[in-house]
Amino acid sequence: MNQVISHDIILVQGQVINELPQDLYIPPDALRIFLETFQGPLDLLLYLIRKQNLDILDIPIKPITIQYMQYVELMQELHLELAGEYLVMAAMLAEIKSRLLLPKPESLDEEGVADPRAELIRRLQLYECYKKAAEDLRGLKQVDRDVFLAHAIPPDMQREIALPDVKMQELLTAFAEVMTRAKLFADHKIEKQQLSIRERMLIIMEKIQSSEFTAFGALFTVEEGRMGVVVTL
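Counting from 1 along the sequence shown, just add 3 to a position and that's the residue number in our numbering.
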C-alpha cells in the first residue's frame, strides 16, 4: 500500500485505503458509479493533470505516475473490473519514468534527444480535443430527448360554405353587366377592301361614254370610303 497523501483516512471493510484525491471522497456504496465515469486511462490522466493545474506540455511524470498507480491499485483492492488498457498505460508511464531517469549520452546535445513524454502528450492533446467535441455534441438538442416529433393527425373538418342571399333579379342584372363588358372587349376585325385600279378605269370610261355629261362626284361612292377616292384619282 502506498503512502497516504491526504490527511483523510478512508476505511473500506475495516482496511485503510491510501491515495484517494480528497475531492473524490464519497461513500463506498457510490464509489463504483463514480469510477465508471472515467472513459479510460487517458481520461484519468487528464483528470489528474487538470485537477492540479499542470501544464500538459510539461507533465511531471514521477508524481503523475505515482498518483495513477495508486488509483489503479485502489480499483483493484475494491474488486472493480479493471480494463487492460489501464495496465498498459501504467506500463507506459513506468517506461517513460525510467527513461527520464537514465543519464543522457554526452555525445548528444539536449536538442538531439527526443522527449520520452512526446507520444503521451500527443495522445492526451488529441483525446482532450475529442472529449471537448463530444461535450459540445452532448450540449446540442437531440430528437426524442429534448425535441419530440409531433404525430398528431388533424381532424377531418368539413366546412359548409354558406351561399350568399342573392335574389334572381340581382343575378340577371349582374349577368347583363358582364355581357355588356364582354362586348366592349370583343375583337374588331377590319376586312381589307379589294379595289382594282384597272376595273375603276373601265367603270369611269363606261360612265363617260354612256352620258354626255358626268358629274365628278358621281365617280365616287360613300361605301368605298377613302380607299375608293385614292383608286379613282
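From the three backbone atoms N, C-alpha and C, an ideal C-beta is built for every residue, glycine too.
Values in this document were obtained by computation on a predicted structure and should not be read as measured data.
- In the DSSP assignment, Ser199 falls outside any alpha helix (DSSP H) and carries neither an H nor an E.
- Spanning the alpha carbons of Asp58 and Thr68 requires a straight line of approximately 15 angstroms.
- With contacts defined as CB atoms closer than 8 angstroms, Leu103 and Ile62 fail to qualify as a contacting pair.
- Counting other Cβ atoms within 10 Å of its Cβ, Leu175 stays below 16 and is therefore classed as exposed.
- Residue burial is scored here from C-beta neighbours: Gln212 has fewer than 16 other C-beta atoms within 10 angstroms and is therefore classed as exposed.
- The beta carbons of Leu60 and Ile124 sit about 6 angstroms from each other, so the pair counts as a contact at 8 angstroms.
- Under the rule that a run must span 4 or more residues, the alpha helix (DSSP H) segments found entirely inside the stretch 131-194 read 171-187.
- Taking C-alpha positions only, Asp118 is separated from Pro106 by approximately 13 angstroms.
- Out of Asp168, Ala185, Tyr50, the CA that lies nearest to the CA of Gln70 is found in Tyr50.
- Within the same chain, Cβ atoms closer than 7 angstroms to the Cβ of Gln128 are found at Ile59, the five residues on either side in sequence being excluded.
- Within the stretch 39-94, complete alpha helix (DSSP H) segments of at least 4 residues are found at 44-54, 64-80, given in chain order.
- Burial state of Leu45 is buried, judged by a 10 Å Cβ sphere holding 16 or more other Cβ atoms.
- Leu140 places its beta carbon 8 angstroms or farther from that of Val146.
- With 16 or more other Cβ atoms from the protein chains shown falling within 10 Å of its own Cβ, Arg120 counts as buried.
- Apart from sequence neighbours up to five positions away, the residues of its chain that approach Val234 with a beta-carbon distance below 8 angstroms are Leu198, Ser199, Ile200, Arg203, Glu227, ordered along the chain.
- Closest in C-alpha terms to Val169, from the list Met230, Arg162, Phe178, Glu163, comes Phe178.
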